[in-house]
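Engineer:
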Amino acid sequence: GYKTMMAEDWDKGVFNWPNCKGFMKAPTTHYMRPFQLEMATSSKQLLENQGKGNCFEPHHHLNNYMEKFLQAYPNSPKFGISWDSSLGHDYSNEPFHADGDYLEFMMRNSEELDNSFLFFMGDHGLRFGKMSDTTEGRRDVSNPMMWISVPRRLRSNAALMENLKKNSNELLTMFDLHATFVDILETFTESYPPDFTKPIQKDQLKGTSLLRPLPTFERNCKTLPIPFQYCICHLERQPVKDTESFPAIGQVIADAINNQLKKFNLQNNCAKLEPDEIMDLKMIVGSSGLYETTVRMKPSGGLFQTFVRESDGHFSVVSPDITRLDRYGDQANCIDNNELRPLCYCQRSQQGRFFFGTFLD
Numbered sequence: 001g002y003k004t005m006m007a008e009d010w011d012k013g014v015f016n017w018p019n020c021k022g023f024m025k026a027p028t029t030h031y032m033r034p035f036q037l038e039m040a041t042s043s044k045q046l047l048e049n050q051g052k053g054n055c056f057e058p059h060h061h062l063n064n065y066m067e068k069f070l071q072a073y074p075n076s077p078k079f080g081i082s083w084d085s086s087l088g089h090d091y092s093n094e095p096f097h098a099d100g101d102y103l104e105f106m107m108r109n110s111e112e113l114d115n116s117f118l119f120f121m122g123d124h125g126l127r128f129g130k131m132s133d134t135t136e137g138r139r140d141v142s143n144p145m146m147w148i149s150v151p152r153r154l155r156s157n158a159a160l161m162e163n164l165k166k167n168s169n170e171l172l173t174m175f176d177l178h179a180t181f182v183d184i185l186e187t188f189t190e191s192y193p194p195d196f197t198k199p200i201q202k203d204q205l206k207g208t209s210l211l212r213p214l215p216t217f218e219r220n221c222k223t224l225p226i227p228f229q230y231c232i233c234h235l236e237r238q239p240v241k242d243t244e245s246f247p248a249i250g251q252v253i254a255d256a257i258n259n260q261l262k263k264f265n266l267q268n269n270c271a272k273l274e275p276d277e278i279m280d281l282k283m284i285v286g287s288s289g290l291y292e293t294t295v296r297m298k299p300s301g302g303l304f305q306t307f308v309r310e311s312d313g314h315f316s317v318v319s320p321d322i323t324r325l326d327r328y329g330d331q332a333n334c335i336d337n338n339e340l341r342p343l344c345y346c347q348r349s350q351q352g353r354f355f356f357g358t359f360l361d
């Protein structure tokens, strides 16, 4: 079977942030979490100071760990995840200074990587800061980059390369990425190389392998499992100058947030939010009363964005997924509900009950 590896640069990472259940035992053959726990606790000051003085950053630990894994088990199939949060999570320009480090890593391990599927990707764009206020930044929030490198011996397979090239211009989802992993895991062990001209039919999968032809239906946010709030299809927007409806729109968004908190019995922990100011209101051209709205709430000062629909003079929030555009820092430390933390502003009596570290978004 496969030898597996999971490595992150932060102890509160993908499977633990901030209140995920995690695992009762190590989920992989090699698991970097014990090192990160030590890094975050008893050895934090020693390791941070040592690294800072020697230009040794978290991604160096990750690359070294991954390199050891790549060099081990020469006769076994391997699956590894190396997840770097600190390098570029908060600032768009930070990753560039590590280009040389990653180039050297790939050159040193070119023999192993030439025999591998390599997925080089992000999970989301910047959710706050000046970059997120730009057109490109807003597009990238739900459309992070992903590069795929296939084993060298497959690069001459015309069907595979044509599929990848064509599919790279289609609307894709995380379910398609999952289906791709399943394709590699199951198909490549049965017959090598597979027939890339045929799609894989698996009823339990919500996506389609990117190595195969995609289904012929039109791919958009209606036909794919993409919530409307996260749809990246271009919708023409027209600014709304008439401010008469602003109070009602702001209130319906505040009510939606407060109702979500109340649904999970968090109304005693989190302050009741009220609309402070409509910062931006745009009508979706060609729609029947659909508006993209950005509102600042009080007392948190938080910026929230969602879609609101008008019908017969009444407004309603289209999706329960209301996006927080700015950092919420320690405003929600009094609750442990990961999905609702961006919406919560702790009552004074509840502040300081919990602490979850950094990377609050």
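For reference, each letter of the sequence shown is one residue, going 1 to 361 in UniProt numbering.
Beta carbons: idealized from backbone N, C-alpha and C, even for Gly.
Quick one: give me the first and last residue of the alpha helix (DSSP H) that Ile249 is part of.
Structural biologist: Counting along the chain, the alpha helix (DSSP H) containing Ile249 begins and ends at Phe246 to Lys263.
Engineer: If the criterion is Cβ atoms closer than 8 Å, does the pair Leu343 and Gln260 meet it?
Structural biologist: Yes, they are a contact pair.
Engineer: Please state whether DSSP places Pro215 in a helix, a strand or coil.
Structural biologist: Reduced to three states, the DSSP call for Pro215 is coil.
Engineer: Going by C-alpha distance, which of Arg108, Val317, Gly313 and Gly302 is nearest Gln331?
Structural biologist: The shortest Cα separation from Gln331 among Arg108, Val317, Gly313 and Gly302 belongs to Gly302.
Engineer: With which residues is Pro275 paired in a DSSP beta bridge?
Structural biologist: Note: Pro275 sits in a beta bridge opposite Met297.
Engineer: Quick check on DSSP: helix, strand or coil for Arg139?
Structural biologist: If DSSP states are grouped into helix, strand and coil, Arg139 belongs with the helices.
Engineer: List the whole-angstrom C-beta distance separating Asp133 from Pro227, where the pair is believed to meet the contact cut-off of C-beta under 8 Å.
Structural biologist: No, Asp133 and Pro227 are not in contact; Cβ-Cβ is about 22 Å, not under 8 Å.
Engineer: Among the candidates Tyr31, Ala7, Phe79 and Phe69, whose CA atom is the shortest distance from the CA of Val182?
Structural biologist: The shortest Cα separation from Val182 among Tyr31, Ala7, Phe79 and Phe69 belongs to Phe79.
Engineer: Spatial neighbours of Arg219 within its chain, please: CB distance less than 7 Å, with the 5 preceding and 5 following residues excluded, ordered by chain position.
Structural biologist: Counting only Cβ-Cβ distances below 7 Å, and skipping sequence neighbours, we find Glu170 and Leu171.
Engineer: What do you get for Met297, buried or exposed, if any count of 16 or more other CB atoms within 10 angstroms of its CB means buried?
Structural biologist: So Met297 counts as buried.
Engineer: Alpha carbon to alpha carbon, what distance is there between Asp312 and Gly13?
Structural biologist: One C-alpha to the other measures close to 46 Å.
Engineer: Please state whether DSSP places Tyr91 in a helix, a strand or coil.
Structural biologist: It is coil, neither helix nor strand.
Engineer: Cα-Cα, which of Asp255, Asp101 and Gln71 is closest to Cys55?
Structural biologist: Ranking the options by Cα distance to Cys55, first place goes to Asp101.
Engineer: Which class does Lys130 belong to by DSSP, given the choice of helix, strand or coil?
Structural biologist: Lys130: coil per DSSP, three-state reduction.
Engineer: Would the region 153-166 count as touching the region 232-248 if we require 3 or more Cβ pairs under 8 Å?
Structural biologist: Touching, no, given that fewer than three Cβ pairs across the two stretches are closer than 8 Å.
Engineer: Excluding sequence positions up to five away, which residues of its chain have a Cβ less than 7 Å from the Cβ of Ser116?
Structural biologist: Excluding positions up to five away in sequence, the list reads Pro151.
Engineer: Is it true that the region 201-211 meets the region 252-271, where meeting means three or more beta-carbon pairs spaced less than 8 Å apart?
Structural biologist: These segments do not touch.
Engineer: Looking at Ala26 and Tyr65, is the spacing between their C-beta atoms short of 8 Å?
Structural biologist: Not closer than 8 Å, so no.
Engineer: Nearest to Thr29 by CA position, among Phe120, Asn16, Glu339 and Lys3, is which residue?
Structural biologist: Taking only the C-alpha atoms, the option nearest Thr29 is Lys3.
Engineer: Please list the terminal residues of the continuous alpha helix (DSSP H) segment that includes Ser110.
Structural biologist: Counting along the chain, the alpha helix (DSSP H) containing Ser110 begins and ends at Ser110 to Leu113.
Engineer: Report buried or exposed for Gln36, applying the criterion of at least 16 other Cβ atoms within 10 angstroms of its Cβ.
Structural biologist: Per the 10 Å Cβ criterion, buried.
Engineer: Consult DSSP for Phe356 and reduce its assignment to one of helix, strand or coil.
Structural biologist: Since pLDDT at Phe356 reaches only 42, below the 50 mark, its modelled position is unreliable, and no value is offered.
Engineer: Measuring only the C-alpha atoms, how far is Phe120 from Leu266?
Structural biologist: One C-alpha to the other measures close to 39 Å.
Engineer: Going by the C-beta, is Ala256 closer than 7 Å to any heavy atom of the ligand FMN?
Structural biologist: For the ligand FMN, the structure offers nothing, since it holds no ligand at all.
Engineer: Going by DSSP in three states, Leu100 sits in which element: helix, strand or coil?
Structural biologist: What sits at residue 100 in the sequence shown is Gly, not Leu. Gly100 falls in the helix class under three-state DSSP.
Engineer: The beta strand (DSSP E) that contains Phe69, what's its start and end?
Structural biologist: No beta strand (DSSP E) contains Phe69, which is instead part of the alpha helix (DSSP H) from Pro58 to Gln71.
Engineer: Specify the secondary structure class of Pro144 as computed by DSSP and reduced to three states.
Structural biologist: Of the three classes helix, strand and coil, the one that applies to Pro144 here is coil, per DSSP.
Engineer: Count the other CB atoms, across all protein chains shown, that sit within 10 Å of the CB of Trp10; report buried if there are 16 or more and exposed otherwise.
Structural biologist: Buried: at least 16 other Cβ atoms inside 10 Å.
Engineer: Excluding the 5 residues flanking Leu154 on each side, which residues of the same chain have their C-beta closer than 7 Å to its C-beta?
Structural biologist: The answer, listed in chain order, is Leu160 and Pro193.
Engineer: Just mark Phe217 as buried or exposed, buried being the case when its beta carbon has 16 or more other beta carbons within 10 Å.
Structural biologist: It counts as exposed.
Engineer: What does the alpha-carbon distance come out to for the pair Met279 and His61?
Structural biologist: About 42 Å.
Engineer: Which one of Phe175, Asp114 and Asn167 has the shortest CA to CA distance from Ser149?
Structural biologist: Answer by Cα proximity: Asp114.
Engineer: Just to confirm, are Thr293 and Ile232 a CB contact at a threshold of 8 Å?
Structural biologist: Not a contact, by the Cβ cut-off of 8 Å.
Engineer: Roughly how many angstroms lie between the CA atoms of Glu104 and Phe188, to the nearest whole one?
Structural biologist: Between Glu104 and Phe188, the C-alpha separation is close to 29 Å.
Engineer: Quick check on Ile232: does DSSP put it in helix, strand or coil?
Structural biologist: Residue state, collapsed to three classes: coil.
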